[in-house]
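Participant: Submitted below is the structure of interest, expressed as structure tokens.
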Amino acid sequence: MKGRIAIIDGLRTPFCKAGGILQHTEADDLAAHLINEMFWRQKVTRDDVDEVIFGNVIQPVHAPNIARVIALKSGLPHSTLAHSVQRNCASGMEAITTAASKILGGEANLIIAGGTESMSRAPLLLNDKMKACLEALLKARSLSAKIKILLSIRPGHFKPVIALLKGLTDPVCGLNMGQTAERIAREMAVQRDEQDAYALESHHRAIKAYEEGFFESEISAIAPTPNYKALINQDDGIRHDLSIEKLKKMRPYFDRACGSVTIGNACQITDGAVALFLSSEEYAKERNLNILGYLTGYAYCGLEPERMGLGPVYSTAKLLKQEGTPDKLEDYDLMEINEAFAAQVLACAKAFSSKEFCKNHLGLDEPLGIVDPNKLNIHGGSIALGHPVGATGARLVLTLLRALKTKGLNRGMASLCVGGGLGASLSLEVDHE
Amino acid sequence: MSNAWSLIKEEGGIIKCIFDLPGEKVNKFSFAVMQEFAEILEELKTAKTTDTLIIMSAKEGIFIAGADINEISQIKDKEDAYEKSKLGQKIFNSLENLPCKTIAYIHGACMGGGMECALACDYRIISDDETSKCALPEVKLGILPAWGGTWRFSQLIGLSASLPYMLTGRNIPAKKAFKIGLCDAIVAHEYSQSELQRFCQQIHENSPHKAILKKRKKRTNLFMRSLERNSLGKDFILNQALKSTLKQSHGHYPSPEKIIELLKSYPGKSSSEAMELEAQAFSELMQGEVCQNILKIYLANEELKSHGKTCPTSIPKKSHMAVLGAGIMGGGLAWLISSKGHFVRMKDISQEALAGGYKAGFKIYSSLFKKRRIKKGAMSLGMQRITSSLDYKGFEKVDLVVEAVVENMDLKKTVLAEMESSLPQQSIIASNTSALSISTMAESLKYPERFAGFHFFNPVNRMPLVEVIPGKKTSPETISSLCHFAQSLGKTPIVVKDVPGFLVNRILLPYINESVRLVEEGADIKMVDKSLSDFGMPMGPLFLSDEVGLDVGYKVAKLLEKAYGERMKVCALLEEIHSYEGVLGKKSGIGFYHHNARKLKVNQKIEGAKNRKQDASTQFTSEDIINRTMLLLINEAALCIEEGVIAKATDLDLAMVMGIGFPPFRGGPLSYAQSIGISKVVEMLNTYHEKYGMRYKPSQYLISLSQDNKNFNQI
Ligand SMILES: NC(=O)c1ccc[n+]([C@@H]2O[C@H](COP(=O)([O-])OP(=O)(O)OC[C@H]3O[C@@H](n4cnc5c(N)ncnc54)[C@H](O)[C@@H]3O)[C@@H](O)[C@H]2O)c1
């Protein structure tokens, strides 16, 4: 990258289990809530904002360009631009990197970027048989024709298509995300025991982070619609009573016969949003803004859809080659690899340090480096906190920068595997006084 | 000459008559304007039958706002009223009798006299603009439309269709006006030029013209029409209307009854006979006290509001506001402020309390949504403008903060001092306290000049009054900004002195206290409430106490007792009720009444209270109850004038009408006192003083008024 992009500050909503407390709150309301809160905390004003860019995967029917709806609900002037981005699980990151390239290209000074997802509000769709019936009904002229069509409806017509499940299945390779995780678990020989232990650790780390008050200033409490009964300020997926025994008891979900991936060692389906204020370094410094940290580089990669979980390894290899980013994996003080599945994080970790993998798949003479478990996902990840698809990418950036800041560290790398066969890695850093 | 009208002749025999009152935002019919209109009509007498006159307005959002109410209030007596009515009728008759065809093109509000003018035209065309609506709101001022309006409207769309609009004065939106046949066409204003031309052509051609008239008939309800055609049906409709009117007005408001009576007399009458009756009815109403009282309150309100508008302010149009304490009032204020486009920050001490604030705000939004007064999108934008915090994060952006924490001086002082360090120096601080001293509270502040009392009433969405209270050190700029702000929120600001209870609560509390004392002396709870709601109060004092919350009321009562001593001593029964567990009024489900039962039931625990006289030896009449309570209220009001708590007697009256719903037809407590006669009031107070104690001691002020034979307005 030609310069650093200042990430001035950010906030997120609590991440709450789909179908739970946030189920009636639209994705645009989640995000607008954050932006409205940010304007109370930031020196910049609404008039200073050039554009709002938001990642969102499900794209609710009432808000096709959700970023514009978010902008308006945030009280931004009508003249403020807005567009939405979709790179599946990396949508939140895509919003950040799109903003970065716009700022670097001189198109904008100040951009609000982030991601938002209400998995609860993913629609149920009519199946094709029912759809055909209804269409015929609309066209039918006579009453008898109408009755005939109505009489042809069978129970099977009412079986809905669950948009969420459809979206989690790759239409090209035919595998759902869990099955792709099984696939790379086998490829990298990740054991069930390792996965369960990893999942438990994710919860433990999240619990500890809460105890230390780490998330307090990251989360903005939200009063959920429709009745604003309570103010929610905590992620609700973290399980305090989880034990290795409980995890072991769970049956493999995606491959019942021979699999290792369970609901317990996979990420949770969640609602939530993240918003960040981005500008060029000069812009922020001229205005004396308190800067959280910087984006110094980013890379995306593509690979086989059925091996999508290994995306971070590919994209990180690309990232390390870039100017302005560290040369070695070990140069990063902290790392986030999104926990889509424990199997997939562990597979990535193995791949990073495997000479054979790096040679065969990345054409490298040496492995990329060792992933130190004490530097990886230190405040827990999507297994404990949940994974609102469009939002997670932005959360990784926010959480990582805040972790670097509080621990007095400098460099971090946030990465994500992307359904459909993509990977994303962002290089971040923090200055200390 | 007012130069309000201009005539433009166009091709095709179209004559546009444009109303544009110089120097005003709206078009009003003053007598000068009417005179000029009459001259123009005179001129038009030579128009050809093939010509078309179109009456239209050059104002934004207004066709004609009606008659000039200031002038109406200056009508001297019955004869004057009759003359003024006849004059208007004559002018609109000559409009009706012009040789050319006449059209009213209604774009914007068409109210009262404006609608009567439109009704005198041959046709009415309305634009579908949001501002376009018709109404005959005269009834709200205690009068009736008297420029031929009652006759023409009921003739045009029928008795049963027109009656509800005349009895309530409510708006008829454009689409509805077309649907009920009041208007003959509805058009987009943007295309009105060509649409009007087309319409003009049609009315001069035989069959299209017939079609228009036929459509007009068709739009009015057929069944009702046939019912109205026979006199039995007619009587039935009118008697039903009378019944429901009386149910609402308790017979206190003569104008709806008068309207019904008038319409009852119309069958078989010619238009000139009908209008004669209309003018007479109008003059009778104008002469009455009710109408005078209502007009007075109306004008006082208009004056205070327009005063607020002209006050200089330091608060930007779209500002950042904070509300301290997210309780009942805090939540209500968050709704009010956010609904006007400001960003609001609620600060409280717990997440639960903050959630309560959101809930209270949302409750108002959703009730407006259910009544279709607000769209879903606007509601969600409004809610998004409300944010919350447990600390003072963001307060450096605040232009105005309203403190609404628990009513406790020490707490308020601590909170204010604590907050001030997070605020920029120019932002205004206001307290929503009901009764605590502003000057004392100000002691905790570094910059007390930017601090004042800003007392909203509960529920914030329904109560139109705000007391603005300067403390000793408050700057005039602060007061000015607050008055302006209150007005921009759609409220009426009223500046009152920093005395315990300020104005409204100080006058209200003795009234409530006395009503409880009556119960203590053995009066029946329901009877007390009924007597006073029959008197015209929106609800009885005991029911009101339940609504407000008995704990809240008690607190204020104690505060006033401390400040004013013996005169406001809290009665023993109220003290006893205060010691009961969970008897807090409506919010706890039980107070003087059980509120959760399907039928309102009196709380037997209070009926059987220790401090209540249990033998039925004393009988209380409604008159006793009204006198006992009202005399205290009047006396306290007079004391407030004497002490200069408020400058003008009419403003005090207005404050009590808007603040506690003192019956507007009585014109407020001081007007009411005047209607009894000041010396009679003093005499009664003296008697009660001897009989019931010093709280009835007549104020020096009342005594001197009665000695000088003066009334409140003469000072
Ligand atoms: N309720 C009424 O009828 C009414 C009418 C007019 C004026 N008022 C006045 O408005 C004020 C609020 O009354 P209410 O009825 O809304 O009370 P309430 O009890 O409903 O709410 C008060 C709120 O203040 C909060 N609070 C307490 N300490 C605080 C602190 N240190 N910082 C921030 N918040 C704190 C409480 O948590 C609570 O949410 C009072 O001064 C009252 O006299 C009330």
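Chains as they are written, first to last, in this note's numbering: chain A, 78 to 510; chain B, -8 to 706.
Using N, Cα and C, we set each Cβ at its ideal position, and we do this for glycine too.
In this text the structure is predicted, and so the values were computed from the model without any measurement.
Could you list which residues in chain B have their beta carbon closer than 9 Å to that of histidine 101 of chain A, in chain order?
Facilitator: What histidine 101 of chain A touches in chain B: nothing, since even the nearest Cβ is about 12 Å away.
Participant: Just reading off the alpha helix (DSSP H) that glycine 192 of chain A is part of, what are its end residues?
Facilitator: Looking at the DSSP string, glycine 192 of chain A is not in any alpha helix (DSSP H); the run it does join, the beta strand (DSSP E), is 187 to 195.
Participant: For tyrosine 305 of chain A, return the contacting residues in chain B, with the cut-off set at a CB-CB distance below 7 Å.
Facilitator: Neighbours of tyrosine 305 of chain A on chain B, chain order: Ala346, Tyr349, Lys350 and Phe353.
Participant: In terms of DSSP beta bridges, what is tyrosine 96 of chain B paired with?
Facilitator: The partner list for tyrosine 96 of chain B (beta bridge, DSSP) reads B:Ile116.
Participant: Nearest chain A C-beta to lysine 384 of chain B closer than 7 Å, yes or no?
Facilitator: Answer yes: the Cβ-Cβ gap between lysine 384 of chain B and chain A drops below 7 Å somewhere.
Participant: Heavy atom of ligand 1 less than 6 Å from the Cβ of alanine 317 of chain B, yes or no?
Facilitator: Indeed, a heavy atom of ligand 1 lies less than 6 Å from the Cβ.
Participant: Between B:Gln271, B:Ile116, B:Gln278 and B:Pro247, which has its C-alpha nearest serine 183 of chain B's C-alpha?
Facilitator: If we check each option's Cα against that of serine 183 of chain B, B:Ile116 comes out closest.
Participant: Looking at C-beta atoms only, is the number of pairs between the region 237 to 249 of chain A and the region 191 to 207 of chain A that lie closer than 8 Å three or more?
Facilitator: Flag = yes, the region 237 to 249 of chain A and the region 191 to 207 of chain A touch.
Participant: So with CB distances below 8 Å, who are the chain B contacts of alanine 109 of chain A?
Facilitator: Ordered by position in chain B, the residues that pass the 8 Å Cβ test against alanine 109 of chain A are Gln375.
Participant: For glutamine 342 of chain B, decide whether its Cβ has a neighbour in chain E, counting only Cβ atoms nearer than 7 Å.
Facilitator: Looking for chain E here will not work: the only protein chains present are A and B.
Participant: Within 10 angstroms of its Cβ, does serine 226 of chain B collect 16 or more other Cβ (buried), or is it exposed?
Facilitator: Correcting the residue identity first, residue 226 of chain B is aspartate in this sequence and not serine. Classification of aspartate 226 of chain B: exposed, given that the 10 Å Cβ count is below 16.
Participant: Is aspartate 382 of chain B a contact residue of ligand 1, with contact defined as CB to any heavy atom under 6 Å?
Facilitator: No, the Cβ of aspartate 382 of chain B stays beyond 6 Å of every heavy atom of ligand 1.
Participant: Quick one: list the residues of chain B neighbouring alanine 300 of chain A, beta-carbon separation under 7 Å, in chain order.
Facilitator: Here the neighbours are Ala346 and Tyr349.
Participant: How many angstroms separate the CA atom of lysine 688 of chain B from the CA atom of proline 303 of chain A?
Facilitator: Roughly 55 Å between the two C-alpha positions.
Participant: Report all residues from its chain with a CB closer than 8 Å to the CB of serine 337 of chain A; omit the five preceding and five following residues, and keep chain order.
Facilitator: Answer for serine 337 of chain A: Glu259, Ala262, Val267, Gln268, Arg269, Gln272, Pro329 and Ala420, listed in chain order.
Participant: Are any of the Cβ atoms in chain A nearer than 7 Å to that of threonine 609 of chain B?
Facilitator: No - not a single Cβ of chain A is within 7 Å of the one on threonine 609 of chain B.
Participant: Ligand 1 heavy atoms versus the CB of threonine 431 of chain B: any closer than 6 Å?
Facilitator: Not so, every heavy atom of ligand 1 lies at least 6 Å from the Cβ.
Participant: Beta-carbon within less than 7 Å of glycine 299 of chain B's beta-carbon, same chain only, minus the 5 sequence neighbours each way: which residues are those?
Facilitator: If we look at glycine 299 of chain B and ignore the five residues flanking it on each side, its Cβ neighbours are Cys474, His475, Ala477, Gln478 and Pro484.
Participant: Output the distance between the C-alpha atoms of serine 524 of chain B and leucine 290 of chain B, rounded to the nearest integer angstrom.
Facilitator: Cα to Cα, the separation comes out at about 25 Å.
Participant: How would you label methionine 196 of chain A, buried or exposed, when you count the other beta carbons within 10 angstroms and need 16 or more for buried?
Facilitator: The residue in question, methionine 196 of chain A, is buried, as its Cβ has 16 or more Cβ neighbours within 10 Å.
Participant: Roughly how many whole angstroms lie between the Cα atoms of leucine 478 of chain A and alanine 325 of chain B?
Facilitator: Cα-Cα distance, rounded: 34 Å.
Participant: If the cut is a Cβ gap below 7 Å, which residues of chain A does lysine 388 of chain B touch?
Facilitator: By Cβ distance, chain A contributes Trp117.
Participant: Quick check: is any heavy atom of ligand 1 less than 6 Å from the C-beta of threonine 424 of chain B?
Facilitator: Yes; taking the cut-off as 6 Å, the Cβ of threonine 424 of chain B has a heavy atom of ligand 1 nearer than that.
Participant: If I'm right that threonine 175 of chain A touches isoleucine 130 of chain A with Cβ under 8 Å, what's the distance once you round it to whole angstroms?
Facilitator: Indeed, because the Cβ distance is near 5 Å, the residues count as touching under 8 Å.
Participant: Below 7 Å on C-beta distance, what does leucine 372 of chain B contact in chain A?
Facilitator: Simply Lys150.
Participant: Under a three-way DSSP split, which group does alanine 350 of chain A fall into?
Facilitator: Here alanine 350 of chain A sits in strand by DSSP.
Participant: What are the start and end residues of the alpha helix (DSSP H) that includes aspartate 226 of chain B?
Facilitator: That run of the alpha helix (DSSP H) goes 222 to 240.
Participant: Just how far apart, CA to CA, sit glutamate 184 of chain A and threonine 157 of chain A?
Facilitator: Cα to Cα, glutamate 184 of chain A sits roughly 13 Å from threonine 157 of chain A.
Participant: Rounded to a whole number of angstroms, what is the C-alpha to C-alpha distance between serine 341 of chain B and leucine 533 of chain B?
Facilitator: The straight-line gap from Cα to Cα measures roughly 33 Å.
Participant: Just the Cα atoms here: how many angstroms apart are lysine 18 of chain A and valine 335 of chain B?
Facilitator: Residue 18 of chain A cannot be examined here, being either before or after the span of chain A that is shown, 78 to 510.
Participant: Since valine 510 of chain B and leucine 564 of chain B should fall inside the 8 Å C-beta cutoff, what is the C-beta to C-beta distance between them, to a whole number of angstroms?
Facilitator: Indeed, because the Cβ distance is near 6 Å, the residues count as touching under 8 Å.
Participant: Would you say alanine 512 of chain A and leucine 411 of chain A are within 7 Å of each other, going by their C-beta atoms?
Facilitator: Here chain A comprises residues numbered 78 to 510, so residue 512 of chain A is not present and cannot be evaluated.
Participant: Starting from proline 199 of chain B, trace the alpha helix (DSSP H) in both directions and tell me its first and last residue.
Facilitator: Its alpha helix (DSSP H) spans residues 197 to 210.
Participant: Shorter than 6 Å, the distance from the beta carbon of asparagine 365 of chain A to the closest heavy atom of ligand 1, or not?
Facilitator: Not under cutoff, so the answer is no.
Participant: Measuring only the C-alpha atoms, how far is isoleucine 82 of chain B from methionine 266 of chain B?
Facilitator: Spanning the two alpha carbons is a distance of roughly 13 Å.
Participant: State yes or no: is the beta carbon of arginine 336 of chain B nearer than 7 Å to at least one beta carbon in chain A?
Facilitator: Chain A contact via Cβ: present.
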